[in-house]
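Colleague: This is the structure I have questions about; it appears just below.
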């Protein structure tokens, strides 16, 4: 198989860098941040195995090497996951999975997924100790099961990615989680900055200033650790890193360079298919652009008005629309939607104000974003 396409080589008007399929909302956990508001039982209208295979066939029309993430809920609630992974692999898709840290992730199931062609497994750690992680996940023993699953996956030859949610409850855990991941040999740390959807509405986000500080720290982690670091719903990470490069005189970044390095945001390089087939720009932006039972995912992604608007950075409003970093960043469209109901509005987590912008700011409303700035350090 040819090497999978790199992020910069993908024309995101034609195909997403990441396609997530939420195969079920069923899950044994009751995590306090759950985007899906997961339920104990499967929904009767979930996409069937046959529906899922048609979705994977359509996804293969995006091009060879399309990345597909099987998500949930807990996708391993379904018994057909190995069959779906094998089917997608045979179509030339890069199949990955994000199971819950429960007893469902047995060694035998991991080995079956590996034999089916699984390319990566992503597990969640939101605390560096059993006490902090289990409290966040709402299930005693989740930490131990997650660590055990990580080790079993590595033994089966499956690379492991760790996902961590950043909010007031977890931010002080980040340095210790970083140390734990270095010891466990993961390949990627994906850091999710809270978007208040689902059960996540009850959690407290960090402030915009603190978000920038955390992203600066994550840049240092990326430079020093053997695993990769990426952010989700935080495209301002790229703005922070570029500003630091300018300040340290390491290379130059001009407007043309920014255009060439466009960031990936909801609807622009990213698409999400719900358990019942609705297509969203992101799982954190629950506005439907169509249903895969009615039209192919390729047509919805490429041609729907919602997705096309999100790919046009010239349509952004507020300070995001005036920002010189909008092509490389673009702001979290999901967070803008969650706070304002308009996915083209400014991202309220970003503290940067363009020099020539004099319009209203998201934090002019004191109830919009809590403020408690600090920065994680190795001493925390």
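Residue numbers (UniProt numbering): 1 to 380.
Don't be surprised by glycine CBs; every beta carbon is placed ideally from N, CA and C.
Every value quoted in this text rests on a predicted model; they were computed, and no experiment measured them.
Can you say whether residue 329 is buried or exposed, counting buried as having 16 or more other CB atoms within 10 angstroms of its CB?
Modeller: So residue 329 counts as buried.
Colleague: Enumerate in chain order the residues of its own chain whose CB-to-CB distance from residue 263 is below 6 angstroms, with the five nearest sequence positions on each side excluded.
Modeller: Hits under 6 angstroms: 235, 238, 328, 329, 330.
Colleague: Just checking, does the segment 106-114 make contact with the segment 64-72 on the three C-beta pairs under 8 angstroms criterion?
Modeller: With a cut-off of 8 angstroms, the segment 64-72 and the segment 106-114 do not count as touching, because too few Cβ pairs lie within range.
Colleague: How should residue 15 be labelled, buried or exposed, when 16 other C-beta atoms within 10 angstroms of its C-beta is the threshold for buried?
Modeller: Label assigned to residue 15: buried.
Colleague: Taking the alpha-carbon positions, what's the residue 207 to residue 294 distance?
Modeller: Roughly 41 angstroms separates the two Cα atoms.
Colleague: Which residues mark the beginning and the end of the alpha helix (DSSP H) in which residue 147 is found?
Modeller: Unbroken alpha helix (DSSP H) run through residue 147: 142-155.
Colleague: CB residue 333 to CB residue 266, shorter than 8 angstroms?
Modeller: Yes.
Colleague: Pick helix, strand or coil for residue 124, following the three-state DSSP scheme.
Modeller: It is a strand residue.
Colleague: Three or more beta-carbon pairs under 8 angstroms between the segment 343-353 and the segment 272-280, yes or no?
Modeller: The segment 343-353, when compared against the segment 272-280, does not touch it at the 8 angstroms Cβ threshold.
Colleague: Give me the DSSP bridge partner(s) of residue 230.
Modeller: The partner list for residue 230 (beta bridge, DSSP) reads 190.
Colleague: So, under 8 angstroms CB-CB, residue 136 and residue 126 are touching, yes? Tell me the CB distance rounded to an integer number of Å.
Modeller: Yes, they are in contact, since the Cβ atoms of residue 136 and residue 126 sit about 4 angstroms apart, within 8 angstroms.
Colleague: CA-CA distance, residue 84 and residue 53?
Modeller: Answer to the nearest angstrom: the Cα atoms are 7 angstroms apart.
Colleague: Residue 100 to residue 209, Cα distance in whole Å?
Modeller: Residue 100 and residue 209: Cα-Cα distance of roughly 31 angstroms.
Colleague: Sorted by chain position, which residues of the same chain lie with C-beta nearer than 6 angstroms to residue 256's C-beta, five sequence neighbours on each side aside?
Modeller: Legend: pLDDT at residue 256 = 39, less than 50; position of this residue unreliable, no value from coordinates given.
Colleague: Could you tell me the distance, in whole angstroms, from the CA atom of residue 324 to the CA atom of residue 355?
Modeller: Going by the C-alpha atoms only, they are around 9 angstroms apart.
Colleague: What first and last residue would you give for the alpha helix (DSSP H) that runs through residue 83?
Modeller: Segment 81-90, the alpha helix (DSSP H) holding residue 83.
Colleague: Count the other CB atoms within 10 Å of the CB of residue 149; is the residue buried (16 or more) or exposed (fewer)?
Modeller: Classification of residue 149: buried, given that the 10 Å Cβ count is 16 or more.
Colleague: What number of angstroms, rounded off, separates the C-alpha of residue 64 from the C-alpha of residue 90?
Modeller: So the two alpha carbons sit approximately 11 angstroms from each other.
Colleague: Which of the three DSSP states, helix, strand or coil, is assigned to residue 25?
Modeller: Coil at residue 25, not helix or strand.
Colleague: Compute the Euclidean distance between the alpha carbons of residue 173 and residue 50, then round it to the nearest angstrom.
Modeller: If I take the Cα positions, the gap works out to 42 angstroms.
Colleague: Going by DSSP in three states, residue 271 sits in which element: helix, strand or coil?
Modeller: Strand at residue 271.
Colleague: Report the residue from 120, 219, 26 whose alpha carbon sits nearest the alpha carbon of residue 162.
Modeller: Looking at the Cα atoms, 120 is the closest of the given residues.
Colleague: Does residue 177 come out as helix, strand or coil in the three-state DSSP assignment?
Modeller: Reduced to three states, the DSSP call for residue 177 is helix.
Colleague: With DSSP run on the structure shown, which of helix, strand or coil describes residue 214?
Modeller: Of the three classes helix, strand and coil, the one that applies to residue 214 here is helix, per DSSP.
Colleague: Using only alpha-carbon positions, find the residue among 205, 215, 360 that is nearest to residue 189.
Modeller: Taking only the C-alpha atoms, the option nearest residue 189 is 215.
Colleague: Who pairs with residue 389 in a beta bridge, going by DSSP?
Modeller: As shown, the chain starts at 1 and ends at 380. That puts residue 389 outside it, with no answer to give.
Colleague: Using 8 angstroms as the threshold, is the C-beta distance between residue 228 and residue 20 below it?
Modeller: No, they are not a contact pair.
Colleague: May I ask you to report which of helix, strand or coil DSSP gives residue 67?
Modeller: The answer is strand: DSSP assigns residue 67 an E or B state.
Colleague: Have a look at the DSSP bridge pairing and note the partners of residue 97.
Modeller: Its beta-bridge partners are 70, 121.
Colleague: As a quick exercise: from 9, 336, 23, pick the residue whose alpha carbon is nearest that of residue 272.
Modeller: That would be 23, whose Cα lies nearest to the Cα of residue 272.
Colleague: In whole angstroms, give me the CA-to-CA distance for residue 76 and residue 124.
Modeller: For residue 76 and residue 124, the distance between alpha carbons rounds to 15 angstroms.
Colleague: Does residue 202 come out as helix, strand or coil in the three-state DSSP assignment?
Modeller: Here residue 202 sits in helix by DSSP.
Colleague: For the alpha helix (DSSP H) containing residue 340, name the first residue and the last one.
Modeller: First-last of the alpha helix (DSSP H) with residue 340: 333-340.
Colleague: Does residue 20 come out as helix, strand or coil in the three-state DSSP assignment?
Modeller: Three-state DSSP puts residue 20 in a strand.
Colleague: Could you tell me the boundaries of the alpha helix (DSSP H) in which residue 300 lies?
Modeller: Unbroken alpha helix (DSSP H) run through residue 300: 297-303.
Colleague: Taking the alpha-carbon positions, what's the residue 361 to residue 240 distance?
Modeller: Roughly 19 angstroms separates the two Cα atoms.
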